[in-house]
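Peer 1: Chains as they are written, first to last, in numbering that gives the first Met the number 0: chain A, 0 to 361; chain B, 0 to 361; chain C, 0 to 361; chain D, 0 to 361. Using N, Cα and C, we set each Cβ at its ideal position, and we do this for glycine too.
Protein chains: 4
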Amino acid sequence: MKKFKVGILGATGMVGQNYVRLLENHPWFQVVYVAASTNSAGVTYEEAVKGRWHMNTPIPEKVRNLIVEDVANIEKASKKCDFVFSAFEISDKNLVKEIEEKYAAAHMPVVSNASANRKTDDVPMLIPEINSDHLKMIKIQQKNHGWSKGFIAVKPNCSLQSYLTPIYALNKAGYPVKKIIITTLQAVSGAGYPGVPSLDMIDNVVPFIGGEEEKTEEEPLKILGSIVNNKFVNNKDLTVSATCTRVPVTNSHLATVNILFKDKKPTKEEIIKIWRNFKSVPQDLKLPFAPINPIIYREEENRPQPAKDRDTDKGMAVTIGRLRPCKIFDYKFVALSHNTVRGAAGGGILNAELLVKEGYIK
Amino acid sequence: MKKFKVGILGATGMVGQNYVRLLENHPWFQVVYVAASTNSAGVTYEEAVKGRWHMNTPIPEKVRNLIVEDVANIEKASKKCDFVFSAFEISDKNLVKEIEEKYAAAHMPVVSNASANRKTDDVPMLIPEINSDHLKMIKIQQKNHGWSKGFIAVKPNCSLQSYLTPIYALNKAGYPVKKIIITTLQAVSGAGYPGVPSLDMIDNVVPFIGGEEEKTEEEPLKILGSIVNNKFVNNKDLTVSATCTRVPVTNSHLATVNILFKDKKPTKEEIIKIWRNFKSVPQDLKLPFAPINPIIYREEENRPQPAKDRDTDKGMAVTIGRLRPCKIFDYKFVALSHNTVRGAAGGGILNAELLVKEGYIK
Amino acid sequence: MKKFKVGILGATGMVGQNYVRLLENHPWFQVVYVAASTNSAGVTYEEAVKGRWHMNTPIPEKVRNLIVEDVANIEKASKKCDFVFSAFEISDKNLVKEIEEKYAAAHMPVVSNASANRKTDDVPMLIPEINSDHLKMIKIQQKNHGWSKGFIAVKPNCSLQSYLTPIYALNKAGYPVKKIIITTLQAVSGAGYPGVPSLDMIDNVVPFIGGEEEKTEEEPLKILGSIVNNKFVNNKDLTVSATCTRVPVTNSHLATVNILFKDKKPTKEEIIKIWRNFKSVPQDLKLPFAPINPIIYREEENRPQPAKDRDTDKGMAVTIGRLRPCKIFDYKFVALSHNTVRGAAGGGILNAELLVKEGYIK
Amino acid sequence: MKKFKVGILGATGMVGQNYVRLLENHPWFQVVYVAASTNSAGVTYEEAVKGRWHMNTPIPEKVRNLIVEDVANIEKASKKCDFVFSAFEISDKNLVKEIEEKYAAAHMPVVSNASANRKTDDVPMLIPEINSDHLKMIKIQQKNHGWSKGFIAVKPNCSLQSYLTPIYALNKAGYPVKKIIITTLQAVSGAGYPGVPSLDMIDNVVPFIGGEEEKTEEEPLKILGSIVNNKFVNNKDLTVSATCTRVPVTNSHLATVNILFKDKKPTKEEIIKIWRNFKSVPQDLKLPFAPINPIIYREEENRPQPAKDRDTDKGMAVTIGRLRPCKIFDYKFVALSHNTVRGAAGGGILNAELLVKEGYIK
């Protein structure tokens, strides 16, 4: 199989570096193009990330000598790349939205990790195990814009990756969940680099992350929603209430979850069985980054833990533990997923694999 | 005022050391007696805690040369002490229960930090700001046992100190709370010393603390309960569901709290006003360890934080922040209290002060 | 005694905040003026530090409503202040040098924490316990510049505070030290705020701090030097070799120290006695911020430790432990001092107290 | 190639678990036997480590159902195993010495990680890159004891692994090092589990590790020593002075190193070249666990760092940085190695590979 030529936009930031790292030996994709803001452009990738390469493995050989291109040079990108990953960490959402649209207009599929287009009406927000049927919105999006080959597909925020697939597995098994009260204990890598100051994280916890609770509460409704009259309609059955905190952990977000079912309530044993047996489209399609089992349930009373469980199945599986009755809702449990792998670059790669396999990237 | 002569049972453990530290310059109490298990007895206090004195201030002069007595030598204690603090960290609850009863039988009030007698029918579990009316159970207890001067009074678990006083303040203001879903992020000092291994706390979180969720859910019902026919009757209106986690913080427990009111619901402004205006018996009585304001509400969006708020009013005040609407219950907020001060030795001292002022210790 | 009216330049930064905190109840000094860069000027101090007040105690009442002045408004400062503390965290040393000189020229003594003037020929770099005789350089400095009342006096870098006073005590007792090989383990607060990213400090150590080893090696030579022909001459007998590392600690720098004496070598017992008996000018003058004993020696085999020893004598004493023979040099030991108190604002205040008592500030 | 049947003594401890983990897919060795103290014996390995399996990967399939044998059952071990790894974490050195000798007497080579036999006259203490010529002591040892096939070989302490190979590389290149002053910043995993309490490691450093400085100073002399008249003679040219500290890091020991050469002194460039070109016996023999380059030199000014460099070449390479002139000795640098891989189980495995390849294990 010929490898797809891949560009990374925002390649010098933390998420961009994770893409570079995770794509090093990818069987389908080859990074041939790295772009960043004008400031970083014009030198080799190695030069551009000098003193701020934060991965634990060396810069991949095939990328270190690539010249970093100006992200504004869309024409050059369109000649070099079959598609691009958008890994912007820019706070100006309108700017990111505009750039992503320009790339799509230039015939490039844009697989985005940024939040700019998550609420956009005709852009699917994908977790491949949950809503691969939302892919069909891409045709509508292309029609809306008059794009032939290009399009935008996004992944959701890292804070909900740990609990949403387990909830979806229950929904799909005939036990729809109605209410979720959640508290997250999130890793500092979610804030990028330099990100959270160490003075705030030594012997401390910060019980606030700007914008995070809103995303955690709202994005699941779109992901679990449906397409009606060529538009996304949010899931109306579910309500989420979230408190998001930052803890002194490098990687992986942990969530404590209380759930109430809409109608009937499965037994604890049924739930564990549903989770352990859960497989979905990425597993059926044998996508390279798909975890064998998307949901791992552990019996030990003190798991999941960030240091011990984040790397499960290369950081792409969700680990759950402590399922037990709740005195107010039906059940409570603890869930964990790797925020910079499943929750960021790894999730983006899985999206791209799905888009290839389903014929949207070709 | 003549100072009361105070003994500390379990004086060499972490809680015992905190009692020794906090009582150093107490206006009413003077530590004249320290007792521990047979193994530690017979040497000076300084000798007994050598290499395991964990306080940041030196051993108080008046205590360092006291000979550590065997906790079994009750007769000696009864001659020396007006009352005793029980700071046992022994896991055998029956043993602790038995010892505390023997001290009470020997005419000594026992102000306990241990969990052994928290569920005992005629033992009051006190937070002085909340249920000083439960003191009247002491007469019943003395009658039940045939004790004239001795009795047992306990304080509740450290994990609920941060949120229960704020809830009580709302109840008392005419807004009874019906349901509480809570997640705690607890400090390692709660597990004593050596306690939690550092391998479990560097770059990690442990989402489980043995027995803690049960205490967090059950103890509030007794504290907010009433006395009917000379017996404690649990509060029937309230249900608590808790998830307790351990985070890499030395001192203070943080809780994320979701609450649902029973009937009518105050505005956010009313709640903050209720909290800020809340004063109770310890404040009225001007007890030495009473915080001026038991509840501090902070406006900053990222507070309370352990490192910044735990020492507020010498560690005796509860700090609250982030009060905001909850999409499922009525409100959510974050609360914090110092686990080894308000939640342990400091709370015990405040109980003793209340017992003195109300005439139970004399 | 009438209090001196004090201004703080760079009052909104970390060092500035520490000055504000430590001066709250100072018996001689009252903060009446706070200045910062043009960006921060024109609002109240409370407003200016909103969301970035990093002290654990509230903003002092007398400072919170002061209007932050532009640091360039020297005339206003000179009308309001008897003297100023310079707490700049600006990287442009020439700029800081220029500003400090302008304040001195405007008749204000400048007690500086900044590094800009540490190497200046006629500016004394003071540790009051060591080189109060360097004060006489002030007259020469005033003469050089034609200043009547104003002058500049600085304090040295925080990294050398833990070991230099103990070395000086040995020198003074007749045992001059010739060679020092040192490794420091330094706290993150030394880098200000936001300072060191938490991603670099969780489960990690960074064995490099820009410019720190040079300061640690060179500054002691001036401090222990003499004044010859109205000029500072570096100490020629001592050589220091330093490795400076950053560790996940909030406050206090620890140093492991290997020393070789120039001539004769005292016994371990003599050294400990010299340290314990050491008192100097600040103690004789009973300066308010002077520690009772500048050097504390602890016998425990595992001390000093940052968490346990940094606050000794309000953070102004140095704590030493583990004195033992070295197989290569004569002895080795471990030393610790609080970097933001003794090593920054507290040290600056002690300098100012000395300057007052010796008649340089009046 | 037929795989060797391997037993692990002390298999349930931290070091034992690391052996189990690292040997999972070893090309030459297969774990067929796990032994522990009587208390842990008689159940499956999975059962024996329940709740205290500290590795981040699952228990290897081939080991989880092995029955844990009593370490005293030497006869059974001798029937099942070609050789054994000794991973005891028992503090009683005489007991460990005795057990290891019994296994050797029962015809089993013992490749030990324990300290019990490090000082034993006829037991080689091996770092394969340095002193593979010490293997010939094994024949002498076997003769001394009358052992035909069994013998004992040990590895040195983890604290010296980071700096000793670089020193040896310089010695071998004709630049013998005479004096080393070193400070180590060591990870908590070196103390096993539960090991260092988290209360000592949050916002703290402990500048003492019992027995560690003695090992760090003495063991290099044997490793760099020679065999004269069938006995080990310590290296007489080298002196080491060490200060060992514990820092809040999970894995890998960092050392700051000051060195003085005996005679002539290479340039910085020569040293880096010597290190980068250094290869030795394990590389020549292509041992499976041998790092390609035993010494990695990094140019960045802030490396090596535990979190970024410990896993280099599967944790078997040493990483060095910051080589620069020392004002007192000749040079100083920073070195890092993974304490539980290169410094413990990985080092033991490399020793066993060498022993196989050189014909001592067959």
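(1) Taking the beta strand (DSSP E) that Lys-1 of chain A falls in, what are its first and last residues?
(2) Could you give the C-beta distance for Val-70 of chain B and Ala-103 of chain B, rounded to a whole number, given that I count them as a contact under 8 Å?
(3) Look at Arg-297 of chain A and Pro-303 of chain A and say whether their C-beta atoms are less than 8 Å apart.
(4) Along chain D, which residues have their Cβ under 9 Å away from the Cβ of Asp-310 of chain A?
(5) So, helix, strand or coil for His-252 of chain C, using DSSP?
(6) For a contact defined as C-beta to C-beta under 8 Å, what are the partners of Pro-219 of chain D on chain C?
(7) Determine the chain A residues that contact Leu-134 of chain C at a beta-carbon separation under 7 Å, and present them in chain order.
(8) Are Val-48 of chain B and Phe-28 of chain B closer than 8 Å when you measure CB to CB?
(9) Going by DSSP, which residues form a beta bridge with Val-109 of chain D?
(10) Could you give the distance in angstroms between the alpha-carbon of Asp-236 of chain A and the alpha-carbon of Glu-268 of chain A?
(11) Mind checking if Leu-198 of chain A is an interface residue toward chain C, Cβ cutoff 8 Å exclusive?
(12) Let me see if you follow: with CB-CB separation under 8 Å, is Lys-307 of chain B close to chain C or not?
(13) Please report how far the alpha carbon of Gly-145 of chain B lies from the alpha carbon of Lys-79 of chain B, in whole angstroms.
(14) Hey, out of D:Phe-207, D:Gly-342, D:Ser-188, whose CA is closest to Gly-12 of chain D's CA?
(15) Going by the CB atoms, is the gap between Pro-219 of chain D and Leu-159 of chain D shorter than 8 Å?
(16) When you compare the CB of Gly-50 of chain B with every CB in chain C, is at least one pair closer than 8 Å?
(17) What does Asp-202 of chain C reach in chain B if we use C-beta pairs closer than 7 Å?
(18) Can you check whether the CB of Leu-22 of chain C is closer than 8 Å to the CB of Ile-348 of chain C?
(19) Could you check whether the segment 75–94 of chain A touches the segment 106–116 of chain A, counting it as contact only if at least three pairs of C-beta atoms, one from each stretch, sit closer than 8 Å?
(20) Could you tell me if Glu-74 of chain A is buried or exposed, where buried requires 16 or more neighbouring beta carbons within 10 angstroms of its beta carbon?
(21) Can you pull the chain C residues whose beta carbon is under 9 Å from the beta carbon of Ile-271 of chain D, in chain order?
(22) Could you spell out the range, first to last residue, of the alpha helix (DSSP H) harbouring Pro-305 of chain A?
(23) What do you reckon, are the CB atoms on Val-109 of chain C and Val-62 of chain C nearer than 8 Å?
(24) Under 9 Å, CB to CB, which of the residues in the segment 288–301 of chain C have a partner in chain B?
(25) Using a Cβ-Cβ cut-off of 6 Å (strictly less than) and excluding sequence neighbours within five positions of Glu-211 of chain B, which residues of its own chain qualify?
(26) Given a threshold of 16 other Cβ atoms within 10 Å of its Cβ, counted over all protein chains shown, does Asn-156 of chain C qualify as buried or as exposed?
(27) Give the list of continuous alpha helix (DSSP H) stretches no shorter than 4 residues that lie fully inside the segment 182–260 of chain D.
(28) Give every residue of the same chain whose Cβ lies closer than 6 Å to the Cβ of Gly-320 of chain A, excluding the five residues on either side of it in the sequence, and list them in chain order.
(29) Considering Cα atoms alone, identify which of B:Phe-84, B:Leu-253, B:Ile-66 is closest to Ile-151 of chain B.
(30) Counting only beta-carbon atoms, is Val-205 of chain D nearer than 8 Å to chain C?
(31) Given that a residue counts as buried once 16 or more other Cβ atoms are within 10 Å of its Cβ, and exposed if not, what is Asp-132 of chain A?
(32) At a CB-CB cut-off below 8 Å, which residues of chain B make contact with Ser-188 of chain D?
(33) Specify the secondary structure class of Val-62 of chain A as computed by DSSP and reduced to three states.
(34) Leaving out five residues on either side along the sequence, give the residues of the same chain with a beta carbon under 8 Å from the beta carbon of Lys-135 of chain B.
(35) Less than 8 Å between the CB atoms is what I'm expecting for Ile-129 of chain C and Ile-222 of chain C, so what's the real figure, rounded?
(36) Roughly how many whole angstroms lie between the Cα atoms of Val-232 of chain C and Gly-224 of chain C?
Peer 2: Straight from the coordinates:
(1) Here residue 1 of chain A is taken as the residue at index 2 of the first sequence, counted from 1. Segment: none, Lys-1 of chain A is in no beta strand (DSSP E) and carries neither H nor E.
(2) Looking up residue 70 of chain B in the second sequence gives position 71. Looking up residue 103 of chain B in the second sequence gives position 104. Between Ala-103 of chain B and Val-70 of chain B the Cβ distance is about 14 Å, and since that is not below 8 Å, they are no contact.
(3) Mapped onto the first sequence, residue 297 of chain A falls at position 298. Mapped onto the first sequence, residue 303 of chain A falls at position 304. Yes, they are a contact pair.
(4) Walking along the first sequence from the start, residue 310 of chain A turns up at place 311. Scanning chain D for C-beta atoms nearer than 9 Å to the C-beta of Asp-310 of chain A yields Asn-55, Thr-56, reported in chain order.
(5) On the third sequence, position 253 is the one that residue 252 of chain C refers to. Here His-252 of chain C sits in strand by DSSP.
(6) Residue mapping note: residue 219 of chain D aligns to position 220 of the fourth sequence, counting from 1. Within chain C, no residue comes near Pro-219 of chain D; the closest Cβ sits about 12 Å away, beyond 8 Å.
(7) On the third sequence, residue 134 of chain C is found 135 positions in, with the first residue counted as 1. Ordered by position in chain A, no residue passes the 7 Å Cβ test against Leu-134 of chain C, which lies about 35 Å from the chain.
(8) Position 49 of the second sequence, counting from 1, holds the residue named residue 48 of chain B. Position 29 of the second sequence, counting from 1, holds the residue named residue 28 of chain B. With contacts defined by Cβ atoms closer than 8 Å, Val-48 of chain B and Phe-28 of chain B do not form a contacting pair.
(9) If you number the fourth sequence from 1, residue 109 of chain D lands on position 110. Answer by DSSP bridge pairing, in chain order: D:Val-83, D:Ile-151.
(10) Looking up residue 236 of chain A in the first sequence gives position 237. Looking up residue 268 of chain A in the first sequence gives position 269. Approximately 24 Å between the Cα atoms of the pair.
(11) The residue you call residue 198 of chain A lines up with position 199 of the first sequence. Among the CB atoms of chain C, one or more fall inside 8 Å of the CB of Leu-198 of chain A.
(12) The residue you call residue 307 of chain B lines up with position 308 of the second sequence. So, interface residue.
(13) Counted from its first residue, the second sequence places residue 145 of chain B at position 146. Counted from its first residue, the second sequence places residue 79 of chain B at position 80. Taking the straight line joining both Cα atoms gives about 22 Å.
(14) The count along the fourth sequence starts at 1 and reaches residue 12 of chain D at position 13. It is D:Ser-188.
(15) Taking the first residue of the fourth sequence as 1, we reach residue 159 of chain D at position 160. Taking the first residue of the fourth sequence as 1, we reach residue 219 of chain D at position 220. Less than 8 Å separates the beta-carbon of Leu-159 of chain D from that of Pro-219 of chain D.
(16) Along the second sequence, read from residue 1 onward, the residue named residue 50 of chain B stands at position 51. At least one chain C Cβ lies under 8 Å of Gly-50 of chain B.
(17) By one-based count along the third sequence, residue 202 of chain C stands at place 203. Neighbours of Asp-202 of chain C on chain B, chain order: Ile-201, Asp-202.
(18) One-based indexing of the third sequence puts residue 348 of chain C at position 349. One-based indexing of the third sequence puts residue 22 of chain C at position 23. For Ile-348 of chain C and Leu-22 of chain C, yes; Cβs fall inside 8 Å.
(19) yes
(20) In the first sequence, residue 74 of chain A corresponds to position 75, counting from 1. By the neighbour-count rule (16 or more Cβ atoms within 10 Å), Glu-74 of chain A is not buried but exposed.
(21) Numbered from its first residue, the fourth sequence carries residue 271 of chain D at position 272. Under the 9 Å cutoff, chain C gives no residues; its nearest Cβ is about 17 Å from Ile-271 of chain D.
(22) Along the first sequence, read from residue 1 onward, the residue named residue 305 of chain A stands at position 306. 305–308 is the extent of the alpha helix (DSSP H) around Pro-305 of chain A.
(23) Taking the third sequence and counting its residues from 1, the one referred to as residue 109 of chain C is at position 110. Taking the third sequence and counting its residues from 1, the one referred to as residue 62 of chain C is at position 63. Contact: no.
(24) Glu-299, Glu-300, Asn-301
(25) Taking the first residue of the second sequence as 1, we reach residue 211 of chain B at position 212. Cβ neighbours of Glu-211 of chain B beyond the five flanking positions: Ser-158, Cys-243.
(26) One-based indexing of the third sequence puts residue 156 of chain C at position 157. Buried, by the Cβ-count rule.
(27) 211–222
(28) On the first sequence, residue 320 of chain A is found 321 positions in, with the first residue counted as 1. Within the same chain, Cβ atoms closer than 6 Å to the Cβ of Gly-320 of chain A are found at Arg-297, Arg-302, Pro-303, Val-333, the five residues on either side in sequence being excluded.
(29) Indexing the second sequence from 1 puts residue 151 of chain B at position 152. Ile-151 of chain B has its Cα closest to that of B:Phe-84, out of B:Phe-84, B:Leu-253, B:Ile-66.
(30) Taking the first residue of the fourth sequence as position 1, residue 205 of chain D is located at position 206. Val-205 of chain D counts as touching chain C.
(31) On the first sequence, position 133 is the one that residue 132 of chain A refers to. Asp-132 of chain A should be labelled exposed.
(32) Start at 1 with the first residue of the fourth sequence, and residue 188 of chain D comes out as number 189. What Ser-188 of chain D touches in chain B: Leu-198.
(33) For this step, residue 62 of chain A is matched to residue 63 along the first sequence. Helix at Val-62 of chain A.
(34) In the second sequence, residue 135 of chain B corresponds to position 136, counting from 1. Cβ neighbours of Lys-135 of chain B within its own chain (closer than 8 Å, five residues either side excluded): Ile-226.
(35) Taking the first residue of the third sequence as position 1, residue 129 of chain C is located at position 130. Taking the first residue of the third sequence as position 1, residue 222 of chain C is located at position 223. Right, their Cβ atoms sit about 6 Å apart.
(36) Working through the third sequence from its first residue, we reach residue 232 of chain C at position 233. Working through the third sequence from its first residue, we reach residue 224 of chain C at position 225. Near 6 Å, if we compare the C-alpha coordinates of Gly-224 of chain C and Val-232 of chain C.
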